[in-house]
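Chemist: First to last, the sequence lines map onto chains A and B. Going by UniProt numbering, the first sequence opens with residue 1, and the numbers climb by one from there. Going by UniProt numbering, the second sequence opens with residue 1, and the numbers climb by one from there. We put the beta carbon where it would ideally sit given N, CA and C, even for glycine.
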Amino acid sequence: MPKELLKVKDLKQYFPIKGGLLGRTINHVKAVDGITFDVYEGETVSIVGESGCGKSTTGRAILRLDEPTAGEVEFDGEDLLALSKKDMRKKRKDLQVIFQDPYASINPRQTVRQILEEALEIQNVVPKNERAKKIADLMEVVGLGAHQADRFPHEFSGGQRQRIGIARALSVDPKLIIADEAVSALDVSIQAQVINLMKQLQRDFALTYLFISHDLGVVRHISDRVIVMYLGKIVEIGDKTSIFDNPHHPYTKALLSAIPVPDPDAQSERVLLEGDVPSPINPPQGCRFHTRCPFATERCRVEAPELRNIDGMKEGHMGACHFMEEIKNGTHQVE
Amino acid sequence: MVKATDILDQEPILEVKDLQTSFFTDKFEVKAVDGVNFAVPKGKTLGIVGESGSGKSITSLSILRLIQNPGKIIGGEILFKGENILKKSEAEMRKIRGNEISMIFQEPMTSLNPVYTVGQQISESFMIHQNMSKKEAMKRSAEMLELVGIPSPKQRVKQYPHELSGGMRQRVMIAIALACDPELLIADEPTTALDVTIQAQILELMKDLQDRLGMSIIMITHDLGVVAETCDYVAVMYMGKVVEYAKVRDVFKNPKHPYTVGLLNSLPRHDIDLGDVELQVIEGSVPSPDNLPKGCRFAPRCPFATELCHEKLPDLEQSDNGNQIRCWIYTDEWDGDQEVDVSAKRTT
Ligand SMILES: Nc1ncnc2c1ncn2[C@@H]1O[C@H](COP(=O)(O)OP(=O)(O)OP(=O)(O)O)[C@@H](O)[C@H]1O
Ligand SMILES: Nc1ncnc2c1ncn2[C@@H]1O[C@H](COP(=O)(O)OP(=O)(O)OP(=O)(O)O)[C@@H](O)[C@H]1O
Ligand code: SF4
Ligand SMILES: [Mg+2]
Ligand SMILES: [Mg+2]
Numbered sequence: 001m002p003k004e005l006l007k008v009k010d011l012k013q014y015f016p017i018k019g020g021l022l023g024r025t026i027n028h029v030k031a032v033d034g035i036t037f038d039v040y041e042g043e044t045v046s047i048v049g050e051s052g053c054g055k056s057t058t059g060r061a062i063l064r065l066d067e068p069t070a071g072e073v074e075f076d077g078e079d080l081l082a083l084s085k086k087d088m089r090k091k092r093k094d095l096q097v098i099f100q101d102p103y104a105s106i107n108p109r110q111t112v113r114q115i116l117e118e119a120l121e122i123q124n125v126v127p128k129n130e131r132a133k134k135i136a137d138l139m140e141v142v143g144l145g146a147h148q149a150d151r152f153p154h155e156f157s158g159g160q161r162q163r164i165g166i167a168r169a170l171s172v173d174p175k176l177i178i179a180d181e182a183v184s185a186l187d188v189s190i191q192a193q194v195i196n197l198m199k200q201l202q203r204d205f206a207l208t209y210l211f212i213s214h215d216l217g218v219v220r221h222i223s224d225r226v227i228v229m230y231l232g233k234i235v236e237i238g239d240k241t242s243i244f245d246n247p248h249h250p251y252t253k254a255l256l257s258a259i260p261v262p263d264p265d266a267q268s269e270r271v272l273l274e275g276d277v278p279s280p281i282n283p284p285q286g287c288r289f290h291t292r293c294p295f296a297t298e299r300c301r302v303e304a305p306e307l308r309n310i311d312g313m314k315e316g317h318m319g320a321c322h323f324m325e326e327i328k329n330g331t332h333q334v335e
Numbered sequence: 001m002v003k004a005t006d007i008l009d010q011e012p013i014l015e016v017k018d019l020q021t022s023f024f025t026d027k028f029e030v031k032a033v034d035g036v037n038f039a040v041p042k043g044k045t046l047g048i049v050g051e052s053g054s055g056k057s058i059t060s061l062s063i064l065r066l067i068q069n070p071g072k073i074i075g076g077e078i079l080f081k082g083e084n085i086l087k088k089s090e091a092e093m094r095k096i097r098g099n100e101i102s103m104i105f106q107e108p109m110t111s112l113n114p115v116y117t118v119g120q121q122i123s124e125s126f127m128i129h130q131n132m133s134k135k136e137a138m139k140r141s142a143e144m145l146e147l148v149g150i151p152s153p154k155q156r157v158k159q160y161p162h163e164l165s166g167g168m169r170q171r172v173m174i175a176i177a178l179a180c181d182p183e184l185l186i187a188d189e190p191t192t193a194l195d196v197t198i199q200a201q202i203l204e205l206m207k208d209l210q211d212r213l214g215m216s217i218i219m220i221t222h223d224l225g226v227v228a229e230t231c232d233y234v235a236v237m238y239m240g241k242v243v244e245y246a247k248v249r250d251v252f253k254n255p256k257h258p259y260t261v262g263l264l265n266s267l268p269r270h271d272i273d274l275g276d277v278e279l280q281v282i283e284g285s286v287p288s289p290d291n292l293p294k295g296c297r298f299a300p301r302c303p304f305a306t307e308l309c310h311e312k313l314p315d316l317e318q319s320d321n322g323n324q325i326r327c328w329i330y331t332d333e334w335d336g337d338q339e340v341d342v343s344a345k346r347t348t
């Protein structure tokens, strides 16, 4: 049985909204509102959902790039939220992050060698006299070639820059990499190269990934388990086959059915959702999805459903909907 | 050289012939559009797909003659209802734009004016092109909002763009584009910035409007799923050129060009479990425009490239299944393996 590397419990991230003459906090954006999940060593867990559902906020809260409002984050047996700022900075050696736009997180005036050297120096990973060798190795590992180390980021293509971001994350021998839309900005032909690279590195270095993405095709390919979020909450979680082939939550079903299939003969039964995602400032009471859910009843409007496993779901597969059984049996009645 | 209209089952409303648009920078010429051929059938949808920088947007801006300095249309013909747009005066163009041909841009927020209400922006087109009074135009604007599925249209006309969600703004853009009942609608990545559930609504809306109003559509996208779902014909672009042009089914079921095959194979899919295999990739990356390959633009990345490919640029030719392809493999001059099967490695 693999061990849990990351345990997130009842995590909340509320951002204050200031207003009025005195600039007091008048309300909160409930970006992440009580989510619980574990990530096991060596696996890839993806977080999916529409824009604004709280995917990036979750990643940032785990890394303490924003201080979480409430909840627990345990990493490798250690309570991350209890660490001092200084100790947390040291801890980031084990938890690295790759962002969507590698340019935004790379200093454009540094060569790739300088970028990697800096990362190695801060975390003091290898003795000084071994750094050059380590950099050459990293460049080969991510497929850029050691001879390119003295070039500047702008001299590389988008896909190559993403490899620089990966090399930097890898340089400190992390245990967990949080990849936030790491391949989303890349063209498909380049995206495939970077995905293959990430999978290869995971095998070679026993990495664990928390993979944040809105691209369900990429997620199906790269994940072991998937978390579906809607408005700051987890609505469904499970192994990828369960999520893609046996979804139970009406939102997961609608999300999957909305994705256009690159096959003109595909006959898709589309669940067209009405309206837009409501604001996370005053999210709907009860089930957050009730304003768009085709199955919503009075109970959904008042009572928030908990994640649960029902008959016909694999172990570890859970959905947060009051009526999963009825919808499945076809006996559900919308008043 | 083949004619794009050869593969159409309908009359073309637009035919683009060997279009060339370049940008002249200090150091070199960027051939953004470099010999593009396609035709758009009446009442149907043509998709243009290709990677970032392949020339999709510049092609559509060229059709409307909206190319700005240092860009210039330097060659080719654009036949709209049989007449060459490139020969028209600027006054004639103004009548065509937003009236007979209109366009939806990628970023709704940057193309809507933040200081005017939605109603004012839709009305403008009615007042310019159809000489309506302000009051009449506002009434028609509300009707347009209703047409594109915006609830309480009479209140919405009075709102400003920032008061609307991303999906609603895109609906407003469509309302503006359709205000004058255009014959051709050019939609440049109309749903790229939207969530999939909202994208599904907008694509459904566009299909529905096409059925009702009978307009022709050019759908520009990099999403092959959107193409499969909404288009009747497809032009695949690579580095400023159309490399494959065919009916949608032929492109997906029987792709011929090594680039098209590579694209389809490198796409991870949410509806199919590929298992724990590596995705197929197209090796390398798109060359920079100052370093154009001399022969086939795809040769440096093509798994089949021969000496001929590296030396000489192939023309767009028609293959036996009807696809028009720019690739030496399908010509008599081909100097490689005669039995080569371009789609042999396909996994799906
Ligand atoms: N620093 C902040 N201050 C206030 N609100 C914030 C802040 N960061 C995020 N939010 C809000 O929190 C919500 C969740 O944002 P988040 O960035 O986590 O979404 P996401 O799921 O990553 O979306 P996307 O797919 O667009 O990246 C959004 O409503 C966002 O506007
Ligand atoms: N104003 C300009 N000056 C110089 N080059 C330009 C200019 N506008 C566009 N280009 C170049 O023309 C080429 C085609 O650009 P275009 O915008 O048509 O690409 P696209 O296919 O629409 O890409 P995307 O998918 O990213 O929108 C690119 O190489 C681009 O760099
Ligand atoms: S012409 Fe040659 S290089 Fe170009 S796509 Fe065909 S086989 Fe590949
Ligand atoms: Mg995000
Ligand atoms: Mg474009």
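#1: Hey, is A/R220's beta-carbon within less than 9 angstroms of any beta-carbon in chain B?
#2: Any idea which residues DSSP pairs B/M237 with across the strands?
#3: Looking at C-alpha atoms only, which residue of B/K95, B/M237 and B/S22 is the closest neighbour of B/P258?
#4: Of all Cβ atoms in chain B, is any one closer than 9 angstroms to the Cβ of A/A254?
#5: Does any residue of chain A bring its CB to less than 9 angstroms from the CB of B/I198?
#6: Using CA coordinates, which residue listed in A/I327, A/E326, A/R308 and A/L176 is at the minimum distance from A/G319?
#7: Assign A/A104 to one of two classes, buried (16 or more other C-beta atoms within 10 Å of its C-beta) or exposed (fewer than that).
#8: Leaving aside the five residues before and after B/L203 along the sequence, list all residues of the same chain whose C-beta is less than 8 angstroms from its C-beta, in chain order.
#9: From B/N321 to B/A179, what distance separates their C-alpha atoms?
#10: Note the first and the last residue of the continuous alpha helix (DSSP H) segment covering B/H310.
#11: Which chain B residues sit within Cβ distance under 9 angstroms of A/E50?
#12: Is B/S52 near ligand 4 - that is, is its Cβ less than 8 angstroms away from at least one heavy atom of it?
#13: Does the Cβ of B/Q68 lie closer than 8 angstroms to at least one heavy atom of ligand 2?
#14: Can you list every residue whose CB sits closer than 7 angstroms to some heavy atom of ligand 4, going in chain order?
#15: Report the CB separation of A/Y251 from A/F289 in whole angstroms; it is logged as a contact under 8 angstroms.
#16: Quick check: A/I164 and A/A182, are their CB atoms within less than 9 angstroms of each other?
#17: Can you have a look at B/A142 and say buried or exposed, based on whether 16 or more other CB atoms are within 10 angstroms of its CB?
#18: Which residues in chain A have a C-beta closer than 9 angstroms to the C-beta of B/E204? List them in chain order.
#19: By Cβ distance, which residues of its chain are closer than 8 angstroms to A/D10, with the 5 residues on each side in sequence left out?
#20: Using 9 angstroms as the limit for Cβ to Cβ distance, is A/F295 near chain B?
#21: Just how far apart, CA to CA, sit A/H221 and B/G336?
#22: Within the present structure, is the beta-carbon of B/G167 separated from the nearest heavy atom of ligand 6 by less than 8 angstroms?
#23: Could you tell me the boundaries of the beta strand (DSSP E) in which A/Q96 lies?
#24: Beta carbon of B/T221, beta carbon of B/V243: below 9 angstroms?
#25: Would you say A/F289 reaches chain B, if we count a Cβ-Cβ gap shorter than 9 angstroms as a contact?
#26: Would DSSP call B/I325 helix, strand or coil?
#27: How would you label B/T347, buried or exposed, when you count the other beta carbons within 10 angstroms and need 16 or more for buried?
#28: Measuring only between beta-carbons, confirm whether B/T347 sits less than 9 angstroms from chain A.
#29: Kindly list the residues whose CB is nearer than 6 angstroms to the CB of A/Y14, restricted to its own chain and excluding five residues on each side of it in sequence; keep chain order.
#30: So, is the C-beta of B/D271 closer than 9 angstroms to a C-beta in chain A?
#31: With a threshold of 9 angstroms between beta carbons, is A/D265 in contact with chain B?
#32: Can you name the residues of chain A whose CB is closer than 8 angstroms to the CB of B/L64?
#33: Going by beta-carbon coordinates alone, are A/S257 and A/V48 separated by less than 9 angstroms?
#34: Name the one or two DSSP bridge partners that A/H28 has.
#35: Are B/G76 and B/V30 closer than 9 angstroms when you measure CB to CB?
#36: List the residues of chain B that A/L207 touches, going by C-beta distances under 8 angstroms, in chain order.
Modeler: Once the coordinates are examined:
#1: yes
#2: B/G50 and B/V242
#3: B/M237
#4: yes
#5: yes
#6: A/R308
#7: exposed
#8: T191, V226, E229 and T230
#9: 40 angstroms
#10: E307 to E311
#11: The answer, in chain order, is D195, V196, T197 and I198.
#12: no
#13: yes
#14: A distance filter of 7 angstroms between CB atoms and the heavy atoms of ligand 4 selects the following residues in sequence order: A/K55, A/S56, A/D180, A/E181 and A/I212.
#15: Indeed, because the Cβ distance is near 5 angstroms, the residues count as touching under 8 angstroms.
#16: no
#17: buried
#18: R270 and L272
#19: G34, I35, T36, A70, G71 and E72
#20: no
#21: 35 angstroms
#22: What this structure holds is ligand 1, ligand 2, ligand 3, ligand 4 and ligand 5, not ligand 6.
#23: From DSSP, the beta strand (DSSP E) with A/Q96 extends over L95 to I98.
#24: no
#25: no
#26: strand
#27: Per-residue confidence for B/T347 stands at a pLDDT of 49, beneath the threshold of 50, marking its modelled position as unreliable; the derived number appears in the next sentence. By the 10 Å Cβ count, B/T347 comes out exposed.
#28: Summary for B/T347: the model assigns pLDDT 49, below 50, so the residue's position carries little reliability, and this model does not support an answer.
#29: H28, K30 and T69
#30: Closer than 9 angstroms: yes.
#31: yes
#32: Within chain A, no residue comes near B/L64; the closest Cβ sits about 25 angstroms away, beyond 8 angstroms.
#33: For the 9 angstroms CB-CB criterion, A/S257 and A/V48 do not form a contact.
#34: A/P16, per the DSSP bridge assignment.
#35: no
#36: Neighbours of A/L207 on chain B: none; closest Cβ ~16 angstroms, over 8 angstroms.
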